[in-house]
Structures are given as C-alpha cells and as structure tokens.
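Beneath this line is the structure, given in structure tokens, with notes to follow.
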Amino acid sequence: MVKLSDAYGGAQPGSSKLAEAYSGKRKQCGDERATSSKETSSVTVKGRKPRLSTGSTCPCHKSFDRTCPQCVFGRHAQTWKETHGSVMVKKGAQKVRVVWLQARVSASGKWGMGCALCSRLREKILQEGSPRCRRQARKWDCKWGRFEISSLSQCQAAALSNHAMSQCHRAAIKFLEDPSAPLEVLVQPEESDEALLHGHVPQPEDWLKAFCLVRNPVSFLKGEKQSENDSYIAIRKCKVTRFSMKNLVSVMAEIVRRQKRAWIEKASHICVAVDDKAPYRLLRFRASFQAQDAQEEEPIAREGVLALLRHGTDSVSAMDVRELDEDYSARMAESVSKAIERLATPLGSDEPNEACVAAFRSHLWTVASDGHRANGKCVAILQRSFVNVKVLFLDRAHQIRRAALPVSLQQTFQEYWDDIFGSVGVKHALVPDLQNSDQWKLRFALLQKELSVMHGALPANFNRASVTLSYARQRFDSASCPAAKFVLFMLPLALLLAYQAADERLQRSVRVRSQCLLERLTGDRALVAGLSADFGNEAFVRSHDIKDHDPSRSLQEKDRFVARLEALFLQAMILSENPGEDEQCQSYSVRAVRTAMEAGPIQYGDRLHTLWSPVTKTRCTEIMGALQSCVNATVSRLNVDINPRDLQCCFAAFNLEAWWPAKQSLEAGDTAPWERCQARLVPCFRLLCKAAAQDVRQGALEFEAALAELLTVSTMEQVLKQQDSRLAWRRVLGYGAALRACGGRFPVLSVIVSWYISVIDGECQVERDLAILKSLLSEHRGSLDIDSVTLSDLLEMRLDGPQCQEEIASQVVFEDVVGPGTAAHPTGGVLQMTPFTRQCQALFIERHGRRFRCYSVRADKGQPRQKRKDSVISWKRSQRQAVNALVKHYQEDPSSLQTTCLGAGFERKKFVQKPNQKGSKNPAWDKNLAKFHKTTMAREKANLAARERLLKGLPAAQPALRPGNLFKAKPGRSNSDFIPLDPSAVVLDVTAEGMESPPLRDQIKRPDRPDSVSLPELLKAKVVVVDDVLAVEQMRTGMHLGHFGNLLSIHSSSFANRPE
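Following numbering that gives the first Met the number 0, the numbering of the sequence shown begins with 0 at its first residue and continues without gaps.
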C-alpha cells in the first residue's frame, strides 16, 4: 500500500488543504495539528489536558463512543483503507494500491472524512477545466470531495462501497492514472446519465459483455465464470452472476419488443411467416407504413421476430392433454394469436397491450409458409379472427425444390442418385459414407495428395484437398454442390473405392459395396454425373432463398429459367464444348467425360478397372432423353406452381424490370412488346384490386399513371442495381420525391403498394433463424424455462437487437476531444451510453433496483442441505438401500424372506437357480450367449499364455500385422526382368510418324498404311508399337485389344525406344 503522493511520482497537489489530505494525516476534533490514526502521540486539545491517543477514540471522548462518527472512523479506518477505501491503479508496468479514504478538520473546526481522489479532480475541474466541464462542475462537487461526510449513518462500509461505484469516483481514478488526459473524456454528455449510472447499477461495459454473450453464444454459467475471472484480474469484489446476466438479456429484449410494438401499432399492412422445428415454432412479421412526411427517411418496412413458441403455445405449463387432439391447422392458427399476445405483453405484466393486439388483427393481410397441406386450412381458420387475411404465400424455394425432384426419380438418374447420395430405404451411399466417416475423409485427402505428387496438381486445379462434400439429405438443393464436386473429384473418389475394395482389414460388406460402386463408375455413369451436376447448378432455388426477395420478380425469373432449360438440355447445348479460349471454362458434362477419358486404368487386387468404357451413340441418346424427360416434368410443375393468374404471382405487375424493355421498344416505334406486357400484367393488378376490395377502374388509372412516371433512366438504374422494384414504388406512399401524376394522390394504388411492400416472399429467412436457434440451444440448456421465454429473449436479441458494439456504447477518445490528426493518448477514453442503453438502464433500475453486483451470502452456505424427497435421485437412493438390506438378510440367514412380490404360491425357493442348470445347461442358453462365452474362453486362454510367458521371463508375443496392399512398394525393374525377344520375332510399328532410332532395326516391320493395318499382319507380329496404349485399352481407336490375343506385348512408341 502506497501513499497518494507516491502514486503521482512525488508530486504534491498545489493546495495546502489537499496536501494535508494526500499526505495521509488527519486532524482531530478541535486540533490544529494533524496526526495519524495509527500513531500513538500526545494530543493537545484546547481547554483539556493532554492524553494518549489509542487510534480508536477521538480527543473528545476518554473511551470509545459508538455514537461518535470520529470514534467509529478511528476504530475501523485501517480495515476500511485495506478494503473499500483504496483502489488498484496502474503505475508504470505494475499495479499499486492507493488509499483514497482520508479525514480532515475544516477551518471551522468540524471533522469529516472524504475522498482524496474526488477532491483533487474537483479542484482540477474548477481551475483548468473547459467551459463545458465548468458548467457541469456541480456534478463533481460532492460531499466526498469536500470532506463533509460526518454523520454516523455514513460511517459504514456500505457507504464507502457505494461511493466507490459512483461515476464521479470512477472518473477520479482515471484522472489519477493519467493526470494529463483531457477532462472532457471523463464527463458524461447527458445530464441524465449521471443519475442512471449512480450506485450499484450496470455500467456500459456490463451491457457490452451481455451483448457479446448473445452475439457469440455462451451459456450464462460460462459467462459467470468469465466474469469471475475478469473481476479477479481487475481486483473487484463481486462478479456478475448468471442470474444477473439473464436479467440484462431480458431487459434488452424488452426494449427491442417495445420498438416492435410501436411498429405494429402504426403499420398499415402486416405479413407473418411461420415455420417449425420441433418442438419450437418461429413466427416472423413484416410491417409497411404510410409516410406522413414526403421527406421522411424512415424505412418503409420493418421486420423482426414476432415470437418463439414451444409446442405452438405461449404457456406449456397451462396446456391440457385434450389440446393435443385438436387439428394441426387449428393449432397453427391459434399460435398466431398466442404470438402477438406474447409480444404485446410488457415485461413484468400479465395483460397484453390491447391497442397492439387490435392493430395486428386488423392489419394482417398475408401469411407465408412452406407448402404443407395444412397451411391452406390454417389461412381459412385465421380469417375468422383476422378478417383482412387475403392470401397464403407459399415458399417458392420449396416449390422449386419439389419441381426439380424428377432428376432423382427417373430410373437412369435414380440409380446414379442412390449410389452417390442415397435415398429413403438406401442405408449406404458414397457421399454420406464419406461425410460421416473421419477415416474415409482422411483416406480421401491423402489420395488427393498422392495425385498431386504424381501429376503436379490436385484434380480440377484445387489448391487444397477437400475432405467433405457438404451434403444434407433432407434438403434437395444441397446436392447441387456435392454433385459438382463429385465430377471434379471423380478420379480420387475412384481411387478411394479401389482402396476400400482391396483393403482386407475392412469388413466384407464394405469391400463388396466399394467394389460394386467402382465397377458401376463407367463412361455412361460419368455422362450421367455431369448432366446431373449441370442440371442441379441451373436450379434457381438460390434466387428465392435469400433474406428479402422481391415478390414481383418471381414470374420473370421463372420464365428465364425455363428458357435456359430449353436451350441447355432440350436443345442439347450442354454437350457442346465452350469455344472460348479458356479450356477450363467448360460444363460439368464436358469435364466429366474428359476426366473419364484421360484417366488411366486402376488396378486393385487382381482386378483392373477403366473409368471410360465404350459408350455407344444409342446409350448417349438414351441418357440425354432421360434428362429431357426430367426437364419436361420440371417445367410442367413450375408452370402450375408459378402461374400468372394466381394471386401470389399477381405482384408481378410491379416488376419495373419487365416493363422497361417494352418502354424502350415503344419509344423506338415498336408497340408490340408494350401491348404484350399490358395484356399480361395489367390483369394481375386488377386481380389484386379485387382481392383488396378496391375500385378496380380507379386503381388501374392510378397504376398506369404512376408506372409512366417511374419508368425513367435514373429510377431504373437504382432498380437494376438493387434487383428490387419496391425502392421505386415507395414514392406512391410518400417516401422520397413526390409523384406528379394524379396530383400526387393515389387512394387505391397506395393500398395495393403498401400491401406489396409488406409481403414476405417465402419463409427462407425463418429457416435461417431456426439455424441460429439451434446454435443457441447448443449452449443454453439448463437456463431455459419450459415456455422458452429466455430462449425467445436470446433469439430476438441476436436477430433484432443491436448488431454492433457502437449501438450499445460509444467511445469518447482523446482524438474526439482535441481533434483529428493528434497522437494517440495512453488513457484511451471512456465508454458512454447510447439511447438504447439508456432505455435498458432505466428499465433495469425500475425492475431490479440498484443492487447490481451486491449479493448477500446465503445463510446456509457451507451447511449440508436437506436432500429432496420424491425425486429420481431419492428413488435411486432408496433402491440402493433396499437391495443392500436384502443382501444383508441373505448373508445372515439364506432361508429368510421366502415371500415374493408375485403373490401366494410364488416362494423365493422356486426361483433359485439349480446346480444342474448353470451355463450351457440352462434351457435359455442360445447361440448369442454361446458366441459371447466362446470369446470369454478365448480371452482366458490368451491371458493364461501371457502369464506363462511372463513367469518364464520371455518377451511378449508379437501380434500379426495387417498392412494395406494398394500402394505396396515394388522392387525396381532391371534388364534381367524383361523377357528376351526371339531374333525371328516381328515387331510391328503402327505409329503415325514412325519410331526414331529404334532398337532391333532388322526385326521392325512398318506397314504401308499404319492407320488401316490388316488382321493377318497383326497375327504375324509378336510386339506392336502404337502412339497411345491407353487409347487402345479404352477402345478410343479403330484397334481393339481382342485382336492382340496372340501377342507378346503392346507398347507405346516412347517405351519401345528403350534398348532393353
């Protein structure tokens, strides 16, 4: 412990009174001299005799008086200075403890204690502070800084602790650590912040830690342990418990819900998206608004989590078993009402906000969900209580996934699909087995590494080995990327199957399955794999599987997709090679065929497999025809699901990107495109007006007038860049520049546009939210309540709460005060609250008071607690006591307790095992027990042999090793390994250019036409030299390997030039 003057490096404050306070001296009542409370010295008091000070009494009393503040201070001063009355500050690279609790006697002779740090900061602000600091000097002019704490109620440890938590004291500590820091960084910008941060309340850093706990999911218990470690490092007394962290998250979630309730109350149209992930049901809403001011910059739509319900209700504990018998659609419709009631209920209240509930019921127009059959009935039931519900928006991504299913149902492609990806009823497939086995992943990666060593690069020019194909069977579109990877990694996958088939250490079923898959990996299968990958890559699921898709674009995107399918697959353009300069820029079909053709034969065990086998023209036509049938089925389903006469597709009338080319053609003199657009899209708008019960004729006039004004170059540049027409149509609602058409008034069109802007096109974002919910569940288990209120708080804070640290607390640093371009100051700065944090702070104080980090010790701490009854552990404990008693009874008297629980006539002696029924003599002994017993005997034999070797002093027996043999090392070949050639044997040269400097010139014969050598000439030869042996083996030439049955060997020209 050091004096305050030492902490400043020996510098003393300028004021004489401060010098006395910082020097560690104290004045007694009526004394003009300062003495230390620990010293034993002679004290002279005017009018009294000198007496000896004991440090526990004041000069006014001969003995300790518990009603005297000075006596109380004298007795407890040393203890207080070691605990609450001192602080750890940085001094160089170390931390030292500085005592701030001091006492002094004023000029009037009145004694008082105070804080030396606050006193120094107070005088510094009055002397050298900026005008802003001087205006707020009253905040820093506290009693502790003026040494006016003299009442008995304030002479206690709690008062010292409260002052140590005050904002003024914290600023004084920062000023102590760096006196050269600007005082502006220590002053809160708002006067209300001082009251909010006074006392034992959460500080900005506590809110930041709670925010981090939500953004990076960590359980409350782990957060408590981290807080305990942080408190230990910072030399703080109390940590933040998991219960306090839960309270912080609940308060922040309530502030977020307040904003949502305000959005719903002033919304003009609302849409709700629903999805389930048992046992949780997540509902998300989107609300649109009518602008009150044409220059208003507020977003035209707001969205967020409506509620997270467990088992579709807001109170599982209040459920009745009869509720489970209700129809699923009725329960889903009821969950919408439960969700808005939960959102509208403030924290700590049992009654929902009726205004919010009423606004939601009257403004809900659209419900979005997946294509489940029960959702249609759900909308019909919802219309009883939500009278304005117009349409059910089915998720386009789900419809597209189902429309693309024929590629996995057609027989030719289904066989490939079952072998590679599997299906319902197929237990094993290549990709799932590889993805679920770490051993397979390791072998796959090492095989790719082996290929990179042999060929200088990984297949398909990948820079690193891929160890997973990222496949999920429950999502069809997740196979598009693995299908492409299968084509790119076809060769290492074939080697993996060969390795598995040849490894005798594996189970026979694995070897047989791998061998069958490898044998089916042929030329036609390569073509099927390439076409399947190309088709999966063309599916436009991802165009809808985004956060905020414009519903007006669905019809146009479907037409473009159908046109691409016709060009690529129905017109067979997918099989053509790209005429561009980059040879790598090819379709997956071309790449798959090339990979199979260029791959060499794979030898495993006593078998040889070639990836490219002969594929006839008829077989290729059959494969292409099979894919074309899948394309026809897909297009037919899409035309039914995405029909321009469906109400869900009628929002295509607002797609400015579809109108813009027709407008340009109209300006060029061609009226046909504009007339086609009118004939197709204007009826869609009329149908929307009918559904919304609006004047169709008036709405059509307003629509055409606004459309003509919006189709400008500047507007279309923004629409094409954002791929969203809603940014332009919001001008109808009064956002941005006002429209001149119709006098700027659109009574019918504004209703339809507001409805259009509020629509959630599908529930893909809800599925992403459920994935985040899964990550939260992986951390928060024990802290969750049965109604999932805490989990809902965490999820809403993660999705709809602040997204960055600046929204929780802002930093005020030296550069912000002095100005840019200055050097960084070692003090750094301070954290100041934001409007969101101020609301959280006020609500926390209202709900929990000023007791943050103030925890009393449990009265029963350290004492053994009474064990609970009627719990699972208690029943387990009782069972253990019961069986112990039974064993004890048997040991004392084996014939006791003959009565059993089975009733009269079932004595215990009838169930005792007879000596002639032990082991294999028991009638219940079966083959499984016999197999188990056989293993037991084998282990006994092995253990006996090991003990005998140990007794004889012999080393342990060496077990037989079972290495793999796929890449078994082979000895190098020498000239003696080659079979000598008979001098009369004929070597036939059928290369295109002829051999250069060949050995055995006298035995080499070259036909006149090497490209059409006759069969008799082949039969006379013993050795044939060709340009590419691999091409002959794969039957990609006019020669066939069967013609060479009588030959000694067949070699390439480069190998035949060797002298051996």
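Glycine included, every Cβ here is placed at the ideal spot set by N, Cα and C. Quick caveat, the model's predicted, so the values are computed rather than measured.
Check, Outcome
"Quick one: grab the DSSP three-state call for Met318.", "coil"
"Am I right that Phe420 and Leu433 are in contact with their C-beta atoms under 8 angstroms? What's the rounded C-beta distance?", "Not quite, the Cβ-Cβ distance comes to about 11 angstroms (not below 8 angstroms), so this is no contact."
"Got a sec? Which residues, its chain only, sit under 7 angstroms from Leu738 by beta carbon, not counting five neighbours each side?", "Ala705, Glu708, Arg730 and Val731"
"Ignore the nearest five residues each way along the sequence and tell me which others in Asn352's own chain have a CB closer than 8 angstroms to its CB.", "Arg260, Ala343, Thr344 and Pro345"
"How would you call His397, buried or exposed, if buried means at least 16 neighbouring beta carbons within 10 angstroms?", "buried"
"Indicate the three-state DSSP secondary structure (helix, strand or coil) for Arg849 in the structure shown.", "coil"
"Could you work out which residue in Ala841, Ala379, Arg744 and Met244 is closest to Ala329 when comparing CA atoms only?", "Ala379"
"Pull up the distance between the alpha-carbon of Gly818 and that of Lys123, whole angstroms please.", "With a pLDDT of 49 at Gly818, under the threshold of 50, the modelled position of that residue is not reliable, and the figure given next carries that caveat. Cα to Cα, Gly818 sits roughly 22 angstroms from Lys123."
"Please classify Ile545: does DSSP put it in a helix, a strand, or coil?", "coil"
"Please classify Cys515 as buried or exposed, where buried requires at least 16 other C-beta atoms within 10 Å of its C-beta.", "exposed"
"With burial defined as no fewer than 16 other Cβ atoms inside 10 Å of the residue's Cβ, what is the status of Arg285: buried or exposed?", "buried"
"Does the distance from the CB of Gln647 to the CB of Val390 come in under 8 angstroms?", "yes"
"How far does the beta strand (DSSP E) with Leu100 in it extend, from its first residue to its last?", "Leu100 to Val104"
"Rounding to the nearest angstrom, what Cα-Cα distance links Ser334 and Ile759 in this structure?", "19 angstroms"
"Please identify the residue among Gln77, Lys917 and Arg767 whose C-alpha is closest to the C-alpha of Ala156.", "Gln77"
"Pick out whichever of Tyr279, Pro201, Gln289 and Tyr231 has its Cα sitting closest to the Cα of Met251.", "Pro201"
"Let me check one thing: in DSSP terms, what residues is Glu302 bridge-paired to?", "Arg285"
"Do we get a CB-CB distance below 8 angstroms when we pair Val752 with the residues of chain C?", "Judged by its chain identifiers, the structure shown contains no chain C, having just a single protein chain."
"How many angstroms separate the CA atom of Lys920 from the CA atom of Leu896?", "28 angstroms"
"Using the C-alpha atoms, what's the distance from Pro660 back to Leu517?", "52 angstroms"
"Determine, using beta carbons only, whether Ile1003 and Val1025 come nearer to each other than 8 angstroms.", "no"
"Output the residue ranges of the beta strand (DSSP E) runs that lie fully inside the stretch 332-391 and measure 3 residues or longer, sorted by chain position.", "363-368"
"Could you have a look at Arg280 and say whether DSSP puts it in helix, strand or coil?", "strand"
"Does DSSP put Met623 in a helix, in a strand, or in coil?", "helix"
"Have a look at Ser855 and Trp143 and give me their C-alpha separation to the nearest angstrom.", "26 angstroms"
"Mind checking whether Leu520 and Cys619 have CB atoms under 8 angstroms apart?", "no"
"DSSP three-state label for Ile807, please.", "coil"
"Would the stretch 790-799 count as touching the stretch 570-583 if we require 3 or more Cβ pairs under 8 angstroms?", "no"
"What is the DSSP secondary structure of His168, counted as helix, strand or coil?", "helix"
"Does the Cβ of Trp874 have 16 or more other Cβ atoms within 10 Å, making it buried, or fewer, making it exposed?", "exposed"
"May I ask you to report which of helix, strand or coil DSSP gives Val750?", "helix"
"Enumerate in chain order the residues of its own chain whose CB-to-CB distance from Ala171 is below 6 angstroms, with the five nearest sequence positions on each side excluded.", "Leu116, Cys117 and Leu120"
"With three or more C-beta pairs closer than 8 angstroms as the rule, is the stretch 608-625 touching the stretch 401-414?", "yes"
"Just the C-alpha distance for Leu569 and Trp416, rounded to the nearest angstrom, thanks.", "21 angstroms"
"State yes or no: is the C-beta of Cys683 within less than 8 angstroms of the C-beta of Ala651?", "yes"
"Since Ile771 is in the alpha helix (DSSP H), which residue starts that stretch and which ends it?", "Cys763 to Glu778"
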